[in-house]
Every structure is written in structure tokens, then in C-alpha cells.
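Here is the structure we will look at.
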Amino acid sequence: LRDGPDKENNMNRTPVIVGNWKMNKTVGEALKLARSLKVKVSGLRGVEVGVCPPFTAIAPVIEALKESTIGVGAQNMHFAEKGAYTGDVSPVMLKDLGCKYVILGHSERRGKFSKGADDLVVESDAFIARKAKAAFAHGLVPIVCVGETLAERESGRTEAVVETQLRGSLAGLTSAEVASSIIAYEPVWAIGTGKTASTEQAQAVHAFVRAKLGGIYGATIAQQLRIQYGGSVKASNAAELFACPDV
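Going by the numbering used here, the sequence shown opens with residue 1395, and the numbers climb by one from there.
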């Protein structure tokens, strides 16, 4: 990508790579990683790069990445600007820090990747849609996550599950807002498991997402939309996944 993206494969869409750091990195560790990334991507062209640290490290990471091309985002937010929502963070707060992105509807928030009853968090598609609308209202780019569980894939329900999540999570957005969103296809069975969807599996779902949204919002919007693949992406498989025309 140092020579620019493959424009034929990506329909002139600028590739976007955003790292979700999840519940990892103290402030000191986050700063060390951010400074390292700043150096490593300094010559990168034709690709958009971002990181989403834990809430505690967002402000110092943003400061460390000033004068770099790396954008910073949050891993979640509430749709309300303020209020009695203990433990939540508002879009106003994120924008005030200088965030560019916000991840919404990750399976670890939807509750489909619960590690046990104590960890179960359930966020509905409608709840995520309100967050996406609020993100745009405050100048944030929502990264809206969709994806099926292993049981849903094995039962042949991948497309039905993903379509339901897409329709519900984007409900209320304008066509322009949808075009400016980032969709992240993250099969639940591949998140943090070491398993990765094959390039054929990833491309098939990405093509389905683009076609389905094209039917709803029009072909032009669908072609503008960037769809990320997430799920055990690493240096050894990133290039192969990026070679897919809809990834």
C-alpha cells in the first residue's frame, strides 16, 4: 500500500485499516504503541489508518498522534449527549477529545460473543441505530459491526443474520450518512479465536452486504461504502484479504 491501493479492485475506495485495542494497554503502553505506529506508517499513502484505544488512553494517544495521519476513535458510546448513564460516554465527550471514529455494535457489545453469563451485554440493532445517528450529529464516523455466530453460519443463516443487523443498525440514516459510514463484517466465530474467514468467505459476505445496501440505497452509495473485514486479521493474511474486490 505504500504505492497506493489497487484502484481496480477497490473501485477507487480508499482502503481503511482501524485497530481495535479492546480492553488492552495502560496509558503508558498505549503511548508506546502509538508512537511506534506513527513512525511505521509515516510514509504510507493511499490508505486511511486509525486506532481505537480504551477510553482511558484516548486523550493521550490523540496528543501523541498529532501531526500524523493516524485517526483515533472510541470503542463504543451512548447516543445521548449527557445524562444519568453511569459508566457510559457521550458523542459530545468523544468529539471534545478529538475522536474521528466510533465503533458501534461490536459483537462483544451485542452479547453474541459472551464469555459467560456475567459478561453478557445485549445491545439491539435499534439501540445501535440511535448511536449511529448520534455519531453523525456530532461529526464522528461510525464503524458499524455486523457478523454471524458459528451456529448461525453452520445453519445457513449468515446472510439472513447480516441483513437483519444491517437494516436495523442503519435505520434512520440518510443515504449520504450510509455512504460515509464504515461497515465492519466481523464473523463472531473468528473474533479473537485465531480462526479467520477464508478470502472466499470474506468476499462472499462483503459482496452480499454491498449488493443488499445497493438495493436499499442505490448502486452509487453501495460502491462508495467501505466494508472492512475484522476477525483475526494479521500481517500474514492482510494482503490476501485486501485483494478481495469488496474488502
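Don't be surprised by glycine CBs; every beta carbon is placed ideally from N, CA and C.
Boundaries (first-last residue) of the alpha helix (DSSP H) holding Glu1546
Within the sequence shown, the letter at position 152 stands for residue 1546. Taken as a continuous stretch (DSSP letters only), the alpha helix (DSSP H) holding Glu1546 covers Leu1544 to Glu1548.
Given that a residue counts as buried once 16 or more other Cβ atoms are within 10 Å of its Cβ, and exposed if not, what is Leu1427?
For the purposes of this step, residue 1427 is taken as the residue at position 33 of the sequence shown. Buried, by the Cβ-count rule.
For Ala1523, which residues in the same chain have their Cβ closer than 6 Å to its Cβ, ignoring the five residues on either side in sequence?
Within the sequence shown, numbered from 1, the residue matching residue 1523 stands at position 129. So the qualifying residues of the chain are Ser1563, Ala1565 and Gly1566.
Under 7 Å Cβ to Cβ from Val1421, same chain only, skipping five residues before and after it: list those, please.
Along the sequence shown, one-based indexing puts residue 1421 at 27. Counting only Cβ-Cβ distances below 7 Å, and skipping sequence neighbours, we find Thr1450, Ala1451 and Pro1454.
Let me know the secondary structure DSSP gives Arg1620 once reduced to three states.
Here residue 1620 refers to the residue found at position 226 of the sequence shown. Strand.
Residue(s) in a DSSP beta bridge with Gly1517
Within the sequence shown, residue 1517 is the residue found at index 123, counting from 1. Rather than Gly, the amino acid found at residue 1517 in this sequence is Glu. According to DSSP, residue pairing for Glu1517 in a beta bridge does not occur.
What is the DSSP secondary structure of Tyr1479, reduced to helix, strand or coil?
Counting from one through the sequence shown, the residue named residue 1479 turns up at place 85. Three-state result, Tyr1479: coil.
Which two residues bound the contiguous beta strand (DSSP E) that contains Asn1414?
Taking the sequence shown and counting its residues from 1, the one referred to as residue 1414 is at position 20. Val1410 to Asn1414 is the extent of the beta strand (DSSP E) around Asn1414.
Quick check on Pro1581: buried or exposed, where buried means 16 or more other Cβ atoms within 10 Å of its Cβ?
Taking the sequence shown and counting its residues from 1, one reaches residue 1581 at position 187. Buried.
Closest Cα partner of Gln1469 within the set Ser1626, Ser1484 and Leu1459
Reading the sequence shown from its first residue, position 75 is the one you call residue 1469. Shortest Cα-Cα distance from Gln1469 to any of Ser1626, Ser1484 and Leu1459 involves Ser1484.
When the Cα atoms are used, what is the spatial distance from Glu1634 to Thr1593?
In the sequence shown, residue 1634 corresponds to position 240, counting from 1. In the sequence shown, residue 1593 corresponds to position 199, counting from 1. Cα to Cα, the separation comes out at about 7 Å.
Taking contact to mean 3 or more Cβ pairs, one atom from each stretch, closer than 8 Å, check whether the region 1571-1588 and the region 1526-1540 are in contact.
At 8 Å Cβ cutoff, the stretches touch.
Do Gly1444 and Gly1465 come within 8 Å of each other at the CB atom, strictly closer than that value?
Here residue 1465 refers to the residue found at position 71 of the sequence shown. Here residue 1444 refers to the residue found at position 50 of the sequence shown. Yes, the Cβ-Cβ distance between Gly1465 and Gly1444 is below 8 Å.
On the CB-based measure, 16 or more other CB atoms within 10 Å of its CB, does Ser1501 come out buried or exposed?
As a position in the sequence shown, residue 1501 is number 107, starting the count at 1. Classification of Ser1501: buried, given that the 10 Å Cβ count is 16 or more.
What ranges does the alpha helix (DSSP H) occupy inside the region 1420-1451, keeping only unbroken runs of at least 4 residues that lie completely in it?
Counting only runs of 4 or more residues that sit fully inside the region 1420-1451, the alpha helix (DSSP H) segments are 1421-1434, in chain order.
Rounded to the nearest angstrom, how far is the Cβ of Thr1590 from that of Gly1624, given a contact under 8 Å?
Counting from one through the sequence shown, the residue named residue 1590 turns up at place 196. Counting from one through the sequence shown, the residue named residue 1624 turns up at place 230. So it is not a contact: roughly 10 Å between Cβ atoms.
What's the call for Met1471, buried or exposed, on a 16-neighbour Cβ count within 10 Å?
Sequence index remark: in the sequence shown, residue 1471 carries index 77 (1-based). Per the 10 Å Cβ criterion, buried.
Judging by CA-CA distance, which residue of Asn1406, Ala1526 and Tyr1611 is the nearest neighbour of Ile1497?
By 1-based counting over the sequence shown, the position of residue 1497 is 103. Across the set Asn1406, Ala1526 and Tyr1611, the C-alpha of Ala1526 shows the shortest separation from the C-alpha of Ile1497.
Kindly identify the DSSP beta-bridge partner or partners of Val1540.
Residue mapping note: residue 1540 aligns to position 146 of the sequence shown, counting from 1. When beta bridges are read from the DSSP output, Val1540 appears opposite Tyr1579.
Report the three-state DSSP secondary structure of Ala1591 (helix, strand or coil).
Residue mapping note: residue 1591 aligns to position 197 of the sequence shown, counting from 1. In the three-state DSSP reduction, Ala1591 falls in the coil class, being neither helix nor strand.
Taking just the CA atoms, how far does Pro1447 sit from Arg1407?
Numbered from its first residue, the sequence shown carries residue 1407 at position 13. Numbered from its first residue, the sequence shown carries residue 1447 at position 53. Approximately 25 Å between the Cα atoms of the pair.
Gly1608 in three-state terms, based on DSSP:
Position 214 of the sequence shown, counting from 1, holds the residue named residue 1608. Looking at Gly1608 - three-state DSSP - the assignment turns out to be helix.
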